[in-house]
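Peer 1: Chains as they are written, first to last, in our numbering: chain A, 1 to 252; chain B, 253 to 594.
I am attaching a structure below and will ask some questions about it afterwards.
Put into structure tokens, the structure is as follows:
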């Protein structure tokens, strides 16, 4: 069975600074993998390289066995690779429902149509409302995104990604910037996502990581330090020294 | 999970409300008839000012084309006069050099040539944004103007092409001293083009343009072919600007290279910002207010009339970021709210 996503020895540098150093990573179908590492480890850069927002200096990336290294960001999205952003990237001046309808429109190619009236297709609206329903956002459907509290906006990020009907989903700190009293809502949503979607999640909260992930990749200074199951990672001396040790010291 | 929740009546109601809103919001609103009623009324109320009225309509059309790219897609350009000028010279040169004086086919030719120029320049330039794009679009308009200057034997140079004559419309409606035919002609062309523009901005394609304006990073991430969308709308807007330019030449019966001026590009942008970008009718209000002010102020003070326009622009940018139309919308909402409260 081909992997949903396969990254083969990515390298990327900004000037003299090498931010991604021979990174390889595989997501099987339906994978639940967490990507952890201290700040500046190159986690978001890796997401940008996978989605095509950045070009790697060398290395390849395969989506369902197809080499997508040279394709555009939009092309990868249309092939079923979706992401959320660490900092919200939403259509703030549009309603929540419009955010979803636009996403569905681009997914299905409806947006090539210059003549039909937008919103005249009940099937699109229905699907958009289904996505909002599953994230309990229906009551906010007609509100402008910028009028929502930040925590709800984070849910819209996820709703957009789901409306792309992805096969691979990259979640870049889905609960970042949300007070911990609300973050469990978002993480519940993440936990209940379709098991058929392969998910890579970047997350700092270790409780969430160990609860959600079946595999964990640890990155330090642009390289993969170690990979393994939560149990293996928890008991790995290197990880404890480099990453968890640091964390627990900071919290102490 | 979703199935059991849709049965929840409250949730179902919220869904129905949302769907109903989306389905009905682009329906024709009675207030939309207002500018057209005014335009028709002006025909009867100011029969001796039709030449001026015609100039206003041409500028409304020009501003409308800019609204498509600036207001909806968020493309900032200072060279939109390039396409206006191309349209103006297509019918000008057609009449002066080739004897092509049939007006309607002239409009189509102008639209095609300007749109083609929009397609070619847009394909190259729309990879850039911000200041770079501003300078490149500006340079495009200047280069076209200088090309006309270089071949002044053909283009007429800075003296332009005076005294053009066009055939009567449909071979029946000829030029009259007060420009009434021209006014009706321009109004009909504006109405037809407006219908197209309205369809486009309310289409799924128009939604995608708004998405590009709101957040281009997200558009890439959801798989939108952003460059293709921008080039498409740039081509359409160029074609419409070309129609406006062609109308300008046909109804004035002359054209000079000043149509390519930076001032022309800047003027149409000021009009649109005054009226309100990204809201279709902003072009109407902006062009009318600008032209009427220009007309009155320049009589009042031939040297300093631009001060008045400048002041209004400063006030609009400071206090009415969404333009005069935005201000009207706010007033409308405020009144509605008050009505509900009382």
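In this text, a Cβ means the ideal position worked out from N, Cα and C, and glycines have one as well.
Fair warning: this is a prediction, and the values are worked out from it, not measured in the lab.
Alpha carbon to alpha carbon, how far is residue 354 of chain B from residue 345 of chain B? Give it in angstroms, no decimals.
Peer 2: Position 93 of the second chain, counting from 1, holds the residue named residue 345 of chain B. Position 102 of the second chain, counting from 1, holds the residue named residue 354 of chain B. Computed Cα separation, rounded: 13 Å.
Peer 1: Give the interface partners of residue 100 of chain A over in chain B, defined as CB-CB distance under 8 Å, in chain order.
Peer 2: Reading the first chain from its first residue, position 100 is the one you call residue 100 of chain A. Chain B residues near residue 100 of chain A: none, gap ~10 Å exceeds 8 Å.
Peer 1: Using a C-beta cutoff of 7 Å, does residue 432 of chain B count as contacting chain A?
Peer 2: Here residue 432 of chain B corresponds to residue number 180 of the second chain, with the count starting at 1. With 7 Å as the cut-off, residue 432 of chain B does not count as an interface residue toward chain A.
Peer 1: Hey, out of A/197, A/219, A/191, whose CA is closest to residue 208 of chain A's CA?
Peer 2: Here residue 208 of chain A refers to the residue found at position 208 when the first chain is read from its first residue. Of the candidates A/197, A/219, A/191, the one whose C-alpha sits nearest the C-alpha of residue 208 of chain A is A/191.
Peer 1: Just to confirm my understanding: we take residue 287 of chain B, look at its own chain, exclude 5 residues before and 5 after, and list those with CB closer than 7 Å. What are they?
Peer 2: Residue 287 of chain B sits at position 35 when you count from the first residue of the second chain. So the list reads 533, 536, once near-sequence residues are dropped.
Peer 1: Thinking just about the alpha-carbon of each residue, which of B/572, B/542, B/571 is nearest to the one in residue 559 of chain B?
Peer 2: Residue mapping note: residue 559 of chain B aligns to position 307 of the second chain, counting from 1. Among B/572, B/542, B/571, the Cα nearest to that of residue 559 of chain B belongs to B/542.
Peer 1: Is there a Cβ from chain A that is less than 7 Å from the Cβ of residue 266 of chain B?
Peer 2: In the second chain, the residue the question calls residue 266 of chain B occupies position 14. So, interface residue.
Peer 1: Could you say which of B/331, B/451, B/408, B/270 lies nearest to residue 494 of chain B if we only look at CA atoms?
Peer 2: Counted from its first residue, the second chain places residue 494 of chain B at position 242. Here the closest residue by C-alpha is B/331.
Peer 1: Step through the CB atoms of chain B and report whether any lies within less than 7 Å of the CB of residue 4 of chain A.
Peer 2: Stepping through the first chain from its first residue, residue 4 of chain A is reached at position 4. No, residue 4 of chain A lies away from the interface with chain B (no Cβ there is under 7 Å from its Cβ).
Peer 1: Looking at the C-beta of residue 68 of chain A, does it have a partner C-beta in chain C at a distance below 7 Å?
Peer 2: In the structure shown, chain C does not exist; the protein chains are A and B.
Peer 1: My output table needs one value for residue 41 of chain A: the three-state DSSP class, helix, strand or coil.
Peer 2: Here residue 41 of chain A refers to the residue found at position 41 when the first chain is read from its first residue. Residue state, collapsed to three classes: coil.
Peer 1: Any idea what DSSP makes of residue 224 of chain A, helix, strand or coil?
Peer 2: As a first step, residue 224 of chain A must be located in the first chain, where it is residue number 224. If DSSP states are grouped into helix, strand and coil, residue 224 of chain A belongs with the strands.
Peer 1: For residue 83 of chain A, which of helix, strand or coil comes out of DSSP?
Peer 2: By 1-based counting over the first chain, the position of residue 83 of chain A is 83. It is a strand residue.
Peer 1: Apart from the five residues on each side of it in sequence, which residues of its chain come closer than 6 Å, Cβ to Cβ, to residue 253 of chain B?
Peer 2: As a first step, residue 253 of chain B is located in the second chain; it is residue number 1 there, counting from the start. Here the model assigns residue 253 of chain B a pLDDT of 42, short of 50, so the residue's position is not dependable and the matter cannot be decided.
Peer 1: Taking the Cβ atom as the reference point for each residue, do residue 320 of chain B and residue 485 of chain B lie within a distance shorter than 7 Å?
Peer 2: Counted from its first residue, the second chain places residue 320 of chain B at position 68. Counted from its first residue, the second chain places residue 485 of chain B at position 233. The answer is yes: Cβ separation under 7 Å.
Peer 1: Does the Cβ of residue 309 of chain B have 16 or more other Cβ atoms within 10 Å, making it buried, or fewer, making it exposed?
Peer 2: Within the second chain, residue 309 of chain B is the residue found at index 57, counting from 1. Under this definition residue 309 of chain B is a buried residue.
Peer 1: Quick one: list the residues of chain A neighbouring residue 299 of chain B, beta-carbon separation under 7 Å, in chain order.
Peer 2: By one-based count along the second chain, residue 299 of chain B stands at place 47. The contacting residues do not exist; residue 299 of chain B stays about 38 Å from chain A at best.
Peer 1: Quick one: Cα of residue 12 of chain A to Cα of residue 440 of chain B, how far?
Peer 2: Here the question's residue 12 of chain A lines up with position 12 in the first chain. Here the question's residue 440 of chain B lines up with position 188 in the second chain. The straight-line gap from Cα to Cα measures roughly 58 Å.
Peer 1: Terminal residues of the continuous alpha helix (DSSP H) containing residue 532 of chain B?
Peer 2: Here residue 532 of chain B corresponds to residue number 280 of the second chain, with the count starting at 1. Here residue 532 of chain B belongs to no alpha helix (DSSP H), and DSSP marks it neither H nor E.
Peer 1: Going by beta-carbon coordinates alone, are residue 377 of chain B and residue 388 of chain B separated by less than 7 Å?
Peer 2: The sequence position of residue 377 of chain B within the second chain is 125, counting from 1. The sequence position of residue 388 of chain B within the second chain is 136, counting from 1. Taking 7 Å as the Cβ cut-off, residue 377 of chain B and residue 388 of chain B qualify as a contacting pair.
Peer 1: Flag residue 157 of chain A as yes if its beta-carbon sits less than 7 Å from any beta-carbon of chain B, otherwise no.
Peer 2: Working through the first chain from its first residue, we reach residue 157 of chain A at position 157. So, not an interface residue.
Peer 1: What runs of the alpha helix (DSSP H), each 4 residues or longer, lie entirely inside the stretch 296-364 of chain B?
Peer 2: As far as the stretch 296-364 of chain B is concerned, its whole alpha helix (DSSP H) runs of at least 4 residues are 302-318, 333-349.
Peer 1: Among the residues of its own chain, which have a CB less than 6 Å from the CB of residue 48 of chain A, if the five just before and after it don't count?
Peer 2: On the first chain, residue 48 of chain A is found 48 positions in, with the first residue counted as 1. If we look at residue 48 of chain A and ignore the five residues flanking it on each side, its Cβ neighbours are 54.
Peer 1: Would you check if the distance between the CB atom of residue 307 of chain B and the CB atom of residue 418 of chain B is smaller than 7 Å?
Peer 2: Counted from its first residue, the second chain places residue 307 of chain B at position 55. Counted from its first residue, the second chain places residue 418 of chain B at position 166. No, these two residues do not count as a Cβ contact at 7 Å.
Peer 1: What would DSSP say about residue 421 of chain B, mapped onto helix, strand or coil?
Peer 2: Against the second chain, residue 421 of chain B aligns to sequence position 169. Strand.
Peer 1: Select from A/4, A/46, A/86 the residue whose C-alpha is nearest the C-alpha of residue 154 of chain A.
Peer 2: Locating residue 154 of chain A in the first chain gives position 154, where the first residue counts as 1. Of the listed residues, the one whose Cα sits closest to residue 154 of chain A is A/86.
Peer 1: Determine whether the Cβ of residue 584 of chain B lies closer than 7 Å to any Cβ atom of chain A.
Peer 2: What you label residue 584 of chain B is simply residue 332 of the second chain in a count that begins at 1. So, not an interface residue.
Peer 1: Using the three-state DSSP reduction, which class does residue 194 of chain A fall into: helix, strand or coil?
Peer 2: Residue numbering aside, residue 194 of chain A sits at position 194 when the first chain is read from its first letter. Three-state DSSP puts residue 194 of chain A in coil, outside helix and strand.
Peer 1: Taking 7 Å as the threshold (C-beta atoms), are residue 145 of chain A and residue 92 of chain A in contact?
Peer 2: What you label residue 92 of chain A is simply residue 92 of the first chain in a count that begins at 1. What you label residue 145 of chain A is simply residue 145 of the first chain in a count that begins at 1. In this structure, residue 145 of chain A lies closer than 7 Å to residue 92 of chain A by Cβ.
Peer 1: Which residues bound the alpha helix (DSSP H) around residue 399 of chain B?
Peer 2: Sequence index remark: in the second chain, residue 399 of chain B carries index 147 (1-based). Unbroken alpha helix (DSSP H) run through residue 399 of chain B: 382-402.
Peer 1: With 16 other CB atoms within 10 Å as the buried threshold, where does residue 180 of chain A fall?
Peer 2: The sequence position of residue 180 of chain A within the first chain is 180, counting from 1. Exposed is the call here.
Peer 1: Using 7 Å as the threshold, is the C-beta distance between residue 276 of chain B and residue 118 of chain A below it?
Peer 2: To locate residue 276 of chain B, count along the second chain from 1; it is residue 24. To locate residue 118 of chain A, count along the first chain from 1; it is residue 118. No, these two residues do not count as a Cβ contact at 7 Å.
Peer 1: Taking only runs that begin and end inside the stretch 79-135 of chain A, name each unbroken beta strand (DSSP E) of 3 or more residues, in chain order.
Peer 2: Taking only runs of at least 3 residues, the beta strand (DSSP E) segments lying wholly in the stretch 79-135 of chain A are 81-84.
Peer 1: Helix, strand or coil: which one does DSSP assign to residue 14 of chain A?
Peer 2: By 1-based counting over the first chain, the position of residue 14 of chain A is 14. Strand, per DSSP.
Peer 1: Would residue 97 of chain A and residue 159 of chain A be called neighbours here (beta carbons separated by less than 7 Å)?
Peer 2: As a first step, residue 97 of chain A must be located in the first chain, where it is residue number 97. As a first step, residue 159 of chain A must be located in the first chain, where it is residue number 159. No; because the gap between Cβ atoms is not below 7 Å, this pair is not in contact.
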